[in-house]
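Remarks on the structure that follows.
Protein chains: 2
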Amino acid sequence: MVTIADVARHAGVSSSTVSYVLSGKRAISEETRRRVRSSVRELGYHPNAGARALAARRSHIIALMVPLRTDVYVPVMMEIAISVTTAARQHGYDVLLITNDEGPGGVRRIAASGLADGLILMDVELDDERIPVLRAQGTQATLIGLADDARGLSCVDHDFVAAGALCADHLADLGHREIAFIGYGSGVYHRHAGYAERTLAGFRDRAGQRGLRFLHRTCEGTYESTAGTLARVLADRPGTTGFVVQNEGAIGPLLTLLRTSGRTVPEDVSVIALCQDQLAEQFAPRLTAVTGSAQELGRVAVEQIVGRLATSSDGGRPDDDRALLTPTLTVRESTGSAPLLP
Amino acid sequence: MVTIADVARHAGVSSSTVSYVLSGKRAISEETRRRVRSSVRELGYHPNAGARALAARRSHIIALMVPLRTDVYVPVMMEIAISVTTAARQHGYDVLLITNDEGPGGVRRIAASGLADGLILMDVELDDERIPVLRAQGTQATLIGLADDARGLSCVDHDFVAAGALCADHLADLGHREIAFIGYGSGVYHRHAGYAERTLAGFRDRAGQRGLRFLHRTCEGTYESTAGTLARVLADRPGTTGFVVQNEGAIGPLLTLLRTSGRTVPEDVSVIALCQDQLAEQFAPRLTAVTGSAQELGRVAVEQIVGRLATSSDGGRPDDDRALLTPTLTVRESTGSAPLLP
DNA sequence: AGCTAGCGTTGAAGCGTTTCGACGGTGTCA
DNA sequence: TGACACCGTCGAAACGCTTCAACGCTAGCT
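These protein sequences, in sequence, are chains A and B. The opening residue of the first sequence carries number 1 in this note's numbering; numbering runs sequentially from there. The opening residue of the second sequence carries number 343 in this note's numbering; numbering runs sequentially from there.
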């Protein structure tokens, strides 16, 4: 193992000088810097992470707590996890993956052991029991999702309200008047209300403003449940010409069911999905969709936590900030003007 | 911050005694053990990770290197990552997430800094440039996937050859004679040949033994490409009655296309998918599928690396081992007896 | 010329663990 | 009764880094 002392000896300086060259915390002459750098390269020196963490009381690790549950659309979680990891690396941090089945105890463990300098929590519930722990330990954290009480913490999330509103506006602009909103199974609304409810609320409000009639129906995302949901929708509101699909699993079945029931998309009915563009592109017809960038979510979360860590180590008190990412509507082939009334 | 010295003082013993109680590396009297344990609990002591890593030269961290690429079916990767994380916790390890865009340099960084005790590499290519680095650094590692030269390393993977054979056997048993194998886009075969090619090879061999005629056609997984692929299949072999679908993205489109072309599943044609059960359940009809457990893959990978770390710290030389996980065939509604010849 | 200011560098003191060797005390055996 | 082994505990020395106080220099000022 190559230590800082080896580098110092090789470069003919003291180990503190090597440390300062590497951290840039003190002025070092150009000449010395050059020599040290080349010794580092030549010996293949990498600072020992444990020693560094012990001495500096910073591990340069961010913990990312991901949900175990898999009813949220999984690729999105993975995309966030990966963008967090790459963004963190760009700031000199590594990412520790922990699952939220460790619960509040996990947060305590990570914070108290100094394993991570800060946490990013995914899948935050409105009233999340990890938050008091965070506060008690004085740990820096960023939440992905919105909690009831985020004093002293950062939050970032998609602007789901705006996403819902975009759907309503788009269909209203096309002249649709009766819309069905195909949601998640009822369990999702009960639990992490944030995500699912806010989209629905945004849609509902804008739909009201635009004079749309609409129905919200839950759906588990399987073929059978989608069939049941669609049947109920058509029974209750035969004049429905627009569909907003929140549950990614229901998209495929819905398109199949519409086709087999003799409804053509987009001539007879329009379909707009709340899902990743990649998924929207896979169907026929390609779907008009409202999307938030999972990548940006991860990036912003990292920037928030890194910012907090920087100001807190400067003795400052980071202010709570809350970022809402604007979703985008991409019009594809699945939405068109409402059919003329017979 | 609570240190081991605080605990020692509180329990009226020396800090080395506390350490031995916690690690169990020396005999400690029942009475002392009890007192120390209760002090630990009372003070909420968690050992400092950096100090521990420095002194013991083990970080109790396993690094997991995941692919950035997203053309592999992403939920599977996430499932592996999560099962690695939970399995690691059960052995007292945490998981550091790194992306393989760091390449061999990333492996060197992690190993040389002592950040992680061992690595798990996903998405290993046959001739992977990270492997020589691993060997040079003497780092313990487990590969998920099979490399050409895995001397001194552990490997674990699904037995894709067996998976392919299962498909062929099942269709042969049902009396099918002309089969189409719907694969991935050609890029996948060129690159991480392992996964895709081995399934195909297993299918091909068994199909030959069972006297099946078959066609392998690539497919990008979009609706359009699936339509193209299917059209070619039916043009080349109008008598095809069995489909094996390797590309998850092609499943939905294929079912739709079969239906619209007037072919009923499973009465006219049988479809068997190589995908997770969860996905197979989502279609109508529910799909007969061959699956390997991603969860088990993660668990076995962790057990391998933890085993290697244990024997290497005992001064032993861990032997290379290679685990192949047996896939399972679940018969659902999409396969049935071959139709009688007209 | 004498004084101060700042620059570049160093030595040494931690950071909180683990672990080795040593040390009493107790029990066992001759 | 003395020698010996073992058990439970302790003190102190690492582990490799960061960072503080201090130092010798040179430069700029009066």
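Glycine included, each C-beta is placed from N, C-alpha and C at the ideal position. Quick caveat, the model's predicted, so the values are computed rather than measured.
Taken in chain order, the complete beta strand (DSSP E) segments of 3 or more residues contained in the segment 648 to 672 of chain B are 664 to 667 and 670 to 672. According to the DSSP assignment, leucine 64 of chain A belongs to the beta strand (DSSP E) that extends over 61 to 66. Against phenylalanine 625 of chain B, the close residues of chain A are Tyr223, in the order they occur along the chain (beta-carbon pairs closer than 7 Å). At a beta-carbon threshold of 8 Å, the residues of chain A lying near valine 416 of chain B are Val74, Pro75, Met78 and Glu79, ordered along the chain. In terms of CA proximity to leucine 340 of chain A, A/Asp268 leads the group A/Leu215, A/Gly12, A/Asp268 and A/Arg109. Classified as buried, alanine 405 of chain B has 16 or more neighbouring CB atoms from the shown chains inside 10 Å of its CB. When rounded, the separation of the alpha-carbon atoms in serine 679 of chain B and leucine 597 of chain B is 18 Å. Listed in chain order, the beta strand (DSSP E) elements of length 3 or more contained wholly in the segment 553 to 605 of chain B are 555 to 559 and 584 to 587. Residue state for phenylalanine 203 of chain A is assigned as helix, using DSSP reduced to three classes. With contacts defined by Cβ atoms closer than 9 Å, isoleucine 182 of chain A and cysteine 219 of chain A form a contacting pair.
At a cut-off of 9 Å, the C-beta of glutamate 129 of chain A has no neighbouring C-beta in chain B. Across the structure, arginine 555 of chain B and valine 74 of chain A are spaced so that their CA atoms are roughly 37 Å apart. Distance check between glutamine 620 of chain B and each of B/Ser612, B/Ala631, B/Val613 and B/Ala549 places B/Ala631 closest, using alpha-carbon atoms only. Contact annotation: isoleucine 61 of chain A and valine 95 of chain A have beta-carbon atoms nearer than 9 Å. Under the 10 Å beta carbon count, aspartate 127 of chain A is surrounded by fewer than 16 other beta carbons and is classified as exposed. Given a length threshold of 4 residues, each whole run of the alpha helix (DSSP H) inside the segment 76 to 160 of chain A is given here in chain order: 103 to 113 and 130 to 137. DSSP, reduced to helix, strand and coil, places valine 363 of chain B within a helical segment of the structure shown. Put simply, of A/Ala116, A/Glu197, A/Phe283 and A/Ile305 the residue whose alpha carbon is nearest the alpha carbon of leucine 54 of chain A is A/Ala116. At a cut-off of 9 Å between beta-carbon atoms, isoleucine 424 of chain B makes contact with chain A. Rounded to whole angstroms, the separation of the alpha carbons of glycine 570 of chain B and serine 528 of chain B is 14 Å. Taking 9 Å as the CB threshold, glycine 44 of chain A lines the interface with chain B. About 5 Å separates the beta carbon of alanine 87 of chain A from that of arginine 299 of chain A, a gap short enough to meet the 8 Å contact definition. Excluding five sequence positions before and after serine 313 of chain A, the CB atoms of its chain that fall closer than 8 Å to its own CB belong to Arg58, given in chain order.
Straight through space, the alpha carbons of aspartate 491 of chain B and glycine 550 of chain B are spaced by roughly 29 Å.
In chain order, Pro660 place their CB closer than 7 Å to the CB of threonine 653 of chain B, counting only its own chain and leaving out the 5 sequence neighbours on each side.
Leucine 279 of chain A has no beta-bridge partner at all, per DSSP. As a beta-bridge residue in DSSP terms, threonine 633 of chain B pairs with B/Thr670. Residue burial is scored here from C-beta neighbours: histidine 190 of chain A has fewer than 16 other C-beta atoms within 10 angstroms and is therefore classed as exposed. Across the structure, leucine 234 of chain A and threonine 240 of chain A are spaced so that their CA atoms are roughly 7 Å apart. Under the three-state reduction of DSSP output, alanine 8 of chain A falls in the helix class.
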